[in-house]
Structures are given as C-alpha cells and as structure tokens.
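Student: I have a structure I would like to understand better, so I am pasting it below and will then ask my questions one at a time.
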Amino acid sequence: MSHLFGGDWTEAKLDIVSRYAKAFQTALKFRPFESWYIDPFAGSGEREEKRFSGGLLDGQPIEEKIHTFAGSAKLALEIEPHFSHYRFADTKAEHVQALRQLAAEHAGRDIQIFPGDGNECVRRIVSNRLWTGSQTSWKQRGIVFLDPYGMKVAWDTLRVIAQTKRLDVWFLFAAKAVRQQLGPRLDRVDQGKAEALDRFFGETTWRDAFFKPIAGQTDFLGTETDRSETAANLQTIGAYAKKRFETIFCWVSSPKPLTVRNVPDYFQLYCMTNNDSGKALELIKKLHAAVVKAQNQASRHTFDR
Ligand SMILES: C[S@@+](CC[C@H](N)C(=O)[O-])C[C@H]1O[C@@H](n2cnc3c(N)ncnc32)[C@H](O)[C@@H]1O
C-alpha cells in the first residue's frame, strides 16, 4: 500500500531519530533495563515520495518517479541491538494492516500494533503494570517518537510521558499547522480550532501570547474591542511551544528547524526528557548533540554531491 508524503525534511527527521535510537540502544546494551520503542503515529512502515528528474540542465525530458523509503517503524525494527518492546499505533486501517505485516516479518520480538488513536496508545502503555509495578517500573526505559500530522498530539500525552521520567521524546512540532489554526485574528478562530489549540498547548493563554490588541481599538470604557495577530510567526510559535514543554520536561533541546517547500521552521524537531537523574540527563544531551551534528554533516555531504 502507498503512503505518499514527505521530502528532504522527512529524511532529515528520520535520520536524526534513528541515529538516536541506535545510540540509545548501544548505550543501554549492558544495562539491566527493558527498552521500548514507541511510535504512536507510526504510518505504514514505508513512505513514498514523488521526485522529478531531467529538465533543461540535464538535457533530458522531465520525468516523475515514485520512490519508496523506509518509514520510522521499519527503521526502528532494523536497529541493533533490538529494543525489548515495540509499540506502533495508527488510526488508518491500511497502515495498521501494513504494520501487522511488518511485525510478522520480525516474529519472535515483542511488537504490538494498536489500531486507533496514538494518544490513547501512550496512555495504555504507561499505565501498564510493567510501567507502574514497584518491582518492574525502575527497569523501563524508552523512546517515544511523536510524528503526527498537524496537531494530533494532546498535551495530556506529553504530560503522562513526562510523568514516567523514563521516556525520551522526539516530537515533530508542526509550527506551520499551529499558524494555520491561529489565522489572522482571534475573533476568527472558531470554537473547534480554539479547542484544538487548548488541547494541544494544554492551556488557554496562547490567546494572549499570539494576539495583540490593535492600537486604538477600545470601547468608551477603554476595554479592548478587537485583537489582531501582531507577533506570531513560526519562530515565535516555536519559542512559545518550547516554554510550554519546559513546564513538564526537565530538559528540552533547541529545536532542529526543518524547511518545507522553502518555508523555514515549518516543522521543528524537539528532543525532550524528564529523566532528571544527573548521569542519564548528561547522556541524553550528549546523544542529542551527537546525532544532530552527524545529520547536519550527512546532509552537507548529500548537498555537495
Ligand atoms: C506523518 S505520518 C507518520 C509517518 C511515520 N513516522 C513514518 O516515518 O513513516 C502520521 C501518521 O499518523 C496517522 N494518524 C493520524 N491521526 C492519528 C491519531 N490520532 N492516532 C494515531 N495515528 C494517527 C496517520 O494515518 C499517519 O499514518
């Protein structure tokens, strides 16, 4: 089945997350932990992308080709040492079917596919007895890759992940999707959009952060009567999101900005953790810096070729 999406930014994102997953597993290799790879918006295991070749400079007719690449689920299953547990979720029946097939190709491993909402999947995992039991919870460590379309990750999902203190998160924050929901004026954000933003940011103060009163638009009591967006661009939206994440995670990386169709910061990739044990936190920061640097160098080489 085909899952057509993405571009260079997708390859960059997947490269970073799979480098991190590999480094994470290597670091945990001789430790007494059970490792989890959790991908609640997993897709189908593969992605397809239209690419064009030829053109005037090549002296060839322009040709459109569909290329197939490994998606996050497939990449995670290839990582060695293997994770102890894999959990994938998706709402789309065809993707669930493809994920089940992928799991069947790796029989003998603990791979579970959750057909449904990724937020619910995360809640179920962290309330499982392995994560809550007094004899077992200390052993659990893992990575959650939150790679939704738009604003599908609920704030509550980030909160329950942070509460475990044992899961590192990679979150593809869709700044552009937030910008689209906000629109130009607060009074034009309809109830559905406002509720989606509340659920996404876990509070209601985004209204004040993103919309400033229009100068002079006050009634006779001096109360503002109208508001217009003055400050919310993709960077300020990202800065606001980072501050929100910092209210529940003890460490949030600088975002890796991802440009889509010439729009910088369309996506911002964050790594965050609430694991506040000194050694673990140092390791997470070190791995994060190393994988981002390696990906920057790799993309420079691709560009040079
Ligand atoms: C950007 S794609 C994920 C791509 C994947 N990480 C990869 O590399 O192949 C987002 C996926 O989330 C799924 N999705 C959308 N809403 C969802 C939800 N509420 N819960 C779980 N999956 C959802 C979509 O069907 C889609 O497959």
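Per this note's numbering: the sequence shown = residues 1462 to 1766.
All residues carry an ideal CB built from backbone N, CA and C; glycine is no exception.
1. Report, in whole angstroms, the separation of the C-beta atoms of Ile1709 and Val1583, which I expect to be a contact under 8 angstroms.
2. Just confirm the distance between the C-beta atoms of Ile1477 and Val1753, as a whole number of angstroms; I'd bet it's less than 8 angstroms.
3. With H, G and I counted as helix, E and B as strand and the rest as coil, what does DSSP make of Leu1628?
4. Using C-beta distances below 6 angstroms, list every residue in its chain close to Gly1515, excluding the 5 sequence neighbours before and after it, in chain order.
5. Write down the C-beta distance between Arg1497 and Gly1603 rounded to the nearest angstrom, noting that I regard them as a contact closer than 8 angstroms.
6. Given 8 angstroms as the limit, tell me if Ser1533 has its C-beta closer than that to any heavy atom belonging to ligand 1.
7. Quick one: what does DSSP say Val1713 is sitting in, helix, strand or coil?
8. Excluding the 5 residues flanking Glu1495 on each side, which residues of the same chain have their C-beta closer than 6 angstroms to its C-beta?
9. Ignore the nearest five residues each way along the sequence and tell me which others in Leu1465's own chain have a CB closer than 8 angstroms to its CB.
10. Let me know if Tyr1610 comes out buried or exposed under the rule of 16 or more other beta-carbons within 10 Å of its beta-carbon.
11. Ala1503: beta carbon under 8 angstroms from a heavy atom of ligand 1?
12. Which residues in the same chain as Pro1542 place their Cβ atom closer than 6 angstroms to its Cβ, once the five residues preceding and following it in sequence are excluded?
13. What's the gap between the Cα of Arg1492 and the Cα of Gly1532?
14. Take Val1713 as the anchor and find which of Phe1502, Phe1632, Leu1682 and Gly1569 has the nearest alpha-carbon.
15. Is any heavy atom of ligand 1 found at a distance shorter than 8 angstroms from the C-beta of Tyr1610?
16. I'd like to know whether the C-beta atoms of Phe1549 and Leu1536 end up nearer to each other than 9 angstroms.
17. At a cut of 8 angstroms, does the stretch 1635-1643 reach the stretch 1738-1755 through at least three beta carbon pairs?
18. Between His1556 and Gly1504, what straight-line distance do the alpha-carbon atoms span, to the nearest angstrom?
19. Using a Cβ-Cβ cutoff of less than 7 angstroms, which residues in the same chain neighbour Lys1483 once the five nearest sequence positions on both sides are dropped?
20. Under the rule that 16 or more other beta-carbon atoms within 10 Å means buried, what is Arg1705, buried or exposed?
21. Which residue wins for smallest C-alpha separation from Gln1729, given the options Trp1667, Met1612 and Gly1569?
22. Would DSSP call Asp1659 helix, strand or coil?
23. By the three-class DSSP mapping on this structure, what secondary structure does Ser1545 have?
24. Measuring from the CB of His1543, is there a heavy atom of ligand 1 at a distance below 8 angstroms?
25. Can you find a heavy atom of ligand 1 that lies under 8 angstroms from the Cβ of Gly1569?
26. Name, in chain order, the residues that DSSP records as bridge partners for Gly1579.
27. Once you ignore the five residues that flank Leu1658 on each side, which residues in its own chain have a CB closer than 8 angstroms to its CB?
28. Roughly how many angstroms separate the alpha carbons of Thr1720 and Gly1468, rounded to a whole number?
29. Using a Cβ-based criterion (distance less than 8 angstroms to any ligand heavy atom), does Phe1634 qualify as near ligand 1?
30. Quick one: Cα of Leu1591 to Cα of Thr1597, how far?
31. Using only the alpha-carbon positions, how far apart do Asp1669 and Gln1573 sit?
Tutor: Result, derived from the coordinates:
1. The residue you call residue 1709 lines up with position 248 of the sequence shown. The residue you call residue 1583 lines up with position 122 of the sequence shown. Wrong, their Cβ atoms sit about 14 angstroms apart, outside the cutoff.
2. Counting from 1 along the sequence shown, the entry for residue 1477 is found at position 16. Counting from 1 along the sequence shown, the entry for residue 1753 is found at position 292. Contact holds; Cβ gap of about 6 angstroms.
3. For the purposes of this step, residue 1628 is taken as the residue at position 167 of the sequence shown. Correct three-state label for Leu1628: strand.
4. Position 54 of the sequence shown, counted from the start, is the residue given in the question as residue 1515. Counting only Cβ-Cβ distances below 6 angstroms, and skipping sequence neighbours, we find Gln1521, Pro1522, Ile1523 and Glu1524.
5. Within the sequence shown, residue 1497 is the residue found at index 36, counting from 1. Within the sequence shown, residue 1603 is the residue found at index 142, counting from 1. For the sequence presented, residue 1497 should be read as Trp rather than Arg. Indeed they touch by this definition, with Cβ atoms about 3 angstroms apart.
6. Indexing the sequence shown from 1 puts residue 1533 at position 72. For ligand 1, at least one heavy atom lies less than 8 angstroms from the Cβ of Ser1533.
7. In the sequence shown, counting from the first residue as 1, residue 1713 sits at position 252. The answer is strand: DSSP assigns Val1713 an E or B state.
8. One-based indexing of the sequence shown puts residue 1495 at position 34. Counting only Cβ-Cβ distances below 6 angstroms, and skipping sequence neighbours, we find Ser1545, Lys1600 and Gln1601.
9. Within the sequence shown, the letter at position 4 stands for residue 1465. The residues are Arg1508, Glu1509, Glu1510, Lys1511 and Ile1527.
10. Along the sequence shown, one-based indexing puts residue 1610 at 149. Tyr1610 counts as exposed, since fewer than 16 other C-beta atoms from the protein chains shown sit within 10 angstroms of its C-beta.
11. Here residue 1503 refers to the residue found at position 42 when the sequence shown is read from its first residue. Flag set: Cβ of Ala1503 near ligand 1.
12. Walking along the sequence shown from the start, residue 1542 turns up at place 81. Closer than 6 angstroms at the Cβ level, and outside the excluded window around Pro1542, lie Gln1486 and Lys1490.
13. Taking the first residue of the sequence shown as position 1, residue 1492 is located at position 31. Taking the first residue of the sequence shown as position 1, residue 1532 is located at position 71. Rounded to the nearest angstrom, the two C-alpha atoms are 28 angstroms apart.
14. On the sequence shown, residue 1713 is found 252 positions in, with the first residue counted as 1. When each option's Cα is compared against that of Val1713, the closest is Phe1632.
15. Within the sequence shown, residue 1610 is the residue found at index 149, counting from 1. Yes.
16. As a first step, residue 1549 is located in the sequence shown; it is residue number 88 there, counting from the start. As a first step, residue 1536 is located in the sequence shown; it is residue number 75 there, counting from the start. Not closer than 9 angstroms, so no.
17. no
18. For the purposes of this step, residue 1556 is taken as the residue at position 95 of the sequence shown. For the purposes of this step, residue 1504 is taken as the residue at position 43 of the sequence shown. Their backbone Cα atoms lie some 6 angstroms apart in a straight line.
19. Within the sequence shown, the letter at position 22 stands for residue 1483. Hits under 7 angstroms: Ile1540.
20. Translated into the one-based positions of the sequence shown, residue 1705 becomes position 244. Answer is buried; the Cβ neighbour count reaches 16.
21. On the sequence shown, position 268 is the one that residue 1729 refers to. Answer by Cα proximity: Met1612.
22. Taking the sequence shown and counting its residues from 1, the one referred to as residue 1659 is at position 198. Here Asp1659 sits in helix by DSSP.
23. Residue numbering aside, residue 1545 sits at position 84 when the sequence shown is read from its first letter. Reduced to three states, the DSSP call for Ser1545 is coil.
24. Here residue 1543 refers to the residue found at position 82 of the sequence shown. His1543 Cβ: outside cutoff for every heavy atom of ligand 1.
25. Taking the first residue of the sequence shown as position 1, residue 1569 is located at position 108. It does not: the Cβ of Gly1569 is nowhere closer than 8 angstroms to a heavy atom of ligand 1.
26. Counting from 1 along the sequence shown, the entry for residue 1579 is found at position 118. Gly1579 pairs with nothing; no bridge assigned.
27. Here the question's residue 1658 lines up with position 197 in the sequence shown. If we look at Leu1658 and ignore the five residues flanking it on each side, its Cβ neighbours are Met1612, Val1639, Gln1642, Leu1643, Val1650 and Trp1667.
28. Residue 1720 sits at position 259 when you count from the first residue of the sequence shown. Residue 1468 sits at position 7 when you count from the first residue of the sequence shown. Rounded to the nearest angstrom, the two C-alpha atoms are 10 angstroms apart.
29. To locate residue 1634, count along the sequence shown from 1; it is residue 173. Incorrect: Phe1634 has no Cβ contact closer than 8 angstroms to ligand 1.
30. The residue you call residue 1591 lines up with position 130 of the sequence shown. The residue you call residue 1597 lines up with position 136 of the sequence shown. Roughly 5 angstroms between the two C-alpha positions.
31. Counting from one through the sequence shown, the residue named residue 1669 turns up at place 208. Counting from one through the sequence shown, the residue named residue 1573 turns up at place 112. Taking the straight line from one Cα to the other gives about 42 angstroms.
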